[in-house]
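What follows is a set of notes on a single structure, which appears directly below.
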Amino acid sequence: MAGRGNLSYRAGRFSAAHWKTATFGWVALVAAAMAAGSAVGLNKLTDSQSGSGETARAQELLRSAHFLSPATESVLIESRDGKPVAGTARFQSAVAALVQTLSRQPELTNIRSPLARGSVLVSADRKAALVQFDVKGDADHADAKIAPAMAAVENAQRGNPSFRIEEFGMASATHVLNKVVKRDFSRAEYTSLPVTLAILLLAFGALVAAMLPVVLAFTAVLGAIGLTVLISQAYPLPDFLNSVILMMGMAVGVDYSLFYLQREREERRAGRGAHESLLTAAATSGRAVLVSGVTVLIAMAGLFFAGNPIFTSMGLATMVVVFLAMIGSVTVLPGLLAKLGDRVDRGGVPFVRRRRGRGRLWESILRPVLARPALAGLGAVALLLAAASPVLSMHTKLPSFTDLPHNVPIIRTYERIVKVFPGAPAPAVVVLRAPDVTAAHVQLQVRALRREALASGQVRSPITTRISPDRSTEEIDLPLVGTGDDPASMRALAALRGRLLPATLGRLTEAEYATTGITAATRDFNELMKARLPYVFAFVLGLAFLLLLITFRSIVIAATAIVLNLLSVGAGYGLLVLVFQHRWAEGLLGFHSNGAIASWLPLFMFVMLFGLSMDYHVFILSRIKELVDGGMSTEEAVSTGIRRTAGTVTSAAVVMVAVFAIFVSLRTLDIKQMGFGLAAAILIDATLIRAVLLPAAMKLLGDRNWYLPRWLEWLPRVQGEAGGERARAHERGRRPDAAPALSE
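Just so you know, we're using our numbering here: the sequence shown kicks off at 8 and counts up by one.
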């Protein structure tokens, strides 16, 4: 796509001539998306809709029976002095008062007291007991109803200082942690904008130029948030996606505008006119933005093959914001640049302006790399493989309460309850479906399950059951040994599913059953990821290879890009494992390692990093190819192209690393892991990969970089490799092939 045949060139030319249409059309689009989203509100994806494997089947059994499984809460009443208290007058009085207070709460039901005859809610050492109750309605909405019960427990604690009286459950934990996470994310969101602006101010040396990418990226984020709310009306989405949209939108939005704006300013510094410079940027960097954007969209679409609604949601949201950022960069930005003209350099920082564009650091790196490409390439590959090697020992698990910030009081309550009553706060949940679960032969097997489970030593008391009003479904809660996600719990789940359930409920020929709960969800999710990863990798790598093959008409360029990006992703994985799974930098980054990586993170990191890394790769390769088609040798084009794009790539990488690093400051472990992994991998990609390995590989390959087998000559020819010269030729009214090569 060159000159008049280049889509980005035509978009830039139109926007430059009709800047009001481009600018106010964009503003209207963003405003309409925000207004529509605010009017309808987000249709949230519930926990019961996001399961995998047998967990999803159990949740579907509950849903199809219209059985709203309530949220169960536990109140720990424990001696502070370590002495047995069960049976004492003080203990009985405190428990009775608490039960009476909870009984008056209209949203609570099924209150179980340790004072009841035959209760199993007293610990074996009689130093602690549990009061349990359910929250009426669906568990997915129980957190909005739990505040009065939490206040009642706090009042009971104040009235009985000799006991520890604390509450924990899914509803109370969600209520507390939502506030913690929301506060953390708000801080990250407010921090990302000024940090990005400060970096761009250093990159451009002018306030107006620095603000353009930030404003465009942020408006793309706002528009994407509104559009995803509309999408949620047909496909429910999780409420945490706003933060994913912000992170991705600011990263790619700033990158795309940066590529475009830097090329326009470079052409201006070379002495070309404002209009000619703008159209050159449209034909070259604009085209690179389109190719990069489509590559990112392909990578994000790979999430659709993960087989889980959470990943599908992430794919949808990130694709929307990337698409908007890409469109805004090739339409709105040229219109604004045409209107601003020289005023884009207003608000200059003199010191920064004097230093800009020298590239001495990159020159000092490139010279020895190109002088000894084999040595530099082997050294870089060795370092990357060493960094990636810890990935072989990667262990994954779904985040649980044990992974949440230990300085949050309710998490310490969870740990105390698990210690005294293992498995009680997060039991395995067996869902049994039959024509009539109250029938004698069905209940015979339910009692057999209870008896065999306790006898196996894999399940602890209390075992509780609930029956749906139509008597078609029964929910059986079995507290597993362990913490819910450790090896002991996994072995207990395997025994439950593999031996205990088939020997009891499996005898019911007319019934079906499935197991859910935290332990089951972790296992099923991990198994799903193992099964789906090959499909995601094949889709992303295959389509990215095809896109690069068509864009650059070189099988070598496409294959090299895939290999280099896989190396950077692997190195990012390895550093993630070193830091978080092997407990490096716990004190420095302020976290407590759980010895694992969040189960959803490897797949998410792969598609994110592959797409983002391709941004730099396409941008640099487009410039090198432009110079080669303009008459330069491959070696000279590699040196010149990388040197000319070095400042832009550095600035873009610094923005991405800074935005991702902000998320390392959050207290939630999986989000901290995500921020670190993305920041580390992008840093590696923009330095070791792009400054060392890419030029070394291209120098060694020489003209073979542009090899295309004869049997692939039928591929469509994407014109425009020398788009800058062709654009200038077109504007000057002369033949494009008479344009000289770009000069330094």
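Think of the CB as a built atom: it goes at the ideal place given N, C-alpha and C, for glycine as much as any other residue.
Check	Outcome
Cut-off 6 Å between Cβ atoms - residues of its own chain near Asp-531, not counting five sequence neighbours on either side	Ser-59, Gly-60, Glu-61, Thr-62
Sub-9 Å separation of Val-547 and Val-614 beta-carbons	yes
Cβ pair Ala-831, Gly-386 closer than 9 Å	Only positions 8 to 751 of the chain appear in this structure, which leaves residue 831 out of reach.
DSSP bridge partner residues for Leu-485 (one or two, in chain order)	Ala-435
Burial state of Trp-721, where buried means 16 or more other Cβ atoms lie within 10 Å	exposed
Proximity below 9 Å, CB of Phe-544 to CB of Phe-318	no
Contact the region 37-46 vs the region 226-245: 3+ CB pairs below 8 Å	yes
Beta-carbon proximity list for Ala-698, same chain, < 8 Å, skipping 5 on both sides	Trp-369, Ile-372, Leu-373, Val-376, Ile-649, Ala-653
Top-ranked residue by Cα proximity to Ala-394, from Arg-20, Val-584, Gln-99, Ser-239	Val-584
DSSP state of Ile-305 mapped onto helix, strand, coil	helix
Validate contact between the region 285-305 and the region 580-599 using beta carbons, cut 8 Å, 3 pairs	no
Distance, Glu-459 Cα to Met-663 Cα	55 Å
Nearest-angstrom Cα separation, counted from Ala-210 out to Arg-365	Note that Arg-365 has pLDDT 47, beneath the 50 cutoff, so the model's placement of it is unreliable and no number is given.
Through-space distance from Leu-485 to Ala-466, alpha-carbon basis	A small fix is needed here, since residue 466 is Val in this sequence, not Ala. So the alpha carbons of these two residues sit roughly 6 Å apart.
Rounded distance between the beta-carbons of Thr-325 and Glu-251, thought under 8 Å	The sequence shown places Val at residue 251, not Glu. At roughly 7 Å, the Cβ-Cβ gap stays under 8 Å, so Val-251 and Thr-325 are in contact.
Whole-angstrom distance between His-148 and Val-127, CA atom to CA atom	29 Å
Cutoff 9 Å: Ile-696 Cβ touching any chain C Cβ	Included in the structure is just one protein chain, with no chain C present.
The region 91-100 contacting the region 499-506, beta-carbon criterion three pairs below 8 Å	no
Close-in-space but distant-in-sequence residues of the same chain around Ala-499 (CB under 6 Å, 5 per side omitted)	Gln-465, Leu-487, Val-488
Val-398 to Ala-687 span [Cα, whole Å]	14 Å
Where the beta strand (DSSP E) through Ser-86 begins and ends	78-86
Start and end residues, beta strand (DSSP E) containing Ile-118	115-119
Thr-522, enclosing beta strand (DSSP E) - first and last residue	519-523
Those runs of the alpha helix (DSSP H) which lie wholly inside the region 96-158 and span at least 4 residues	96-110
Boundaries of the alpha helix (DSSP H) in which Thr-28 is found, first to last residue	26-47
Cβ neighbours of Phe-312 in the same chain (closer than 7 Å, five flanking residues each side left out)	Arg-539, Tyr-542, Val-543, Phe-546
Exposure of Arg-124, with buried meaning 16 or more beta-carbon neighbours within 10 Å	exposed
Cutoff 7 Å; reference Ser-179; Cβ partners in own chain excluding five residues on either side	Glu-80, Ile-153, Met-157, Ile-417
Leu-391 (DSSP reduced to helix, strand or coil)	helix
The region 551-565 in contact with the region 466-481 per 3-pair CB rule at 8 Å	no
Classification of Gln-107 by the beta-carbon crowding that lies within 10 angstroms, buried from 16 upward	exposed
Bounding residues of the beta strand (DSSP E) (the contiguous stretch that carries Ser-720)	For the sequence presented, residue 720 should be read as Glu rather than Ser. Run containing Glu-720: none; DSSP gives neither H nor E here.
Bridge partners - Ala-605, DSSP secondary structure assignment	Lys-404
Buried or exposed (CB count within 10 angstroms, at least 16 for buried), Val-34	exposed
Thr-472 - DSSP class collapsed to helix/strand/coil	strand
C-alpha distance - Ala-101 paired with Arg-133, whole-angstrom precision	15 Å
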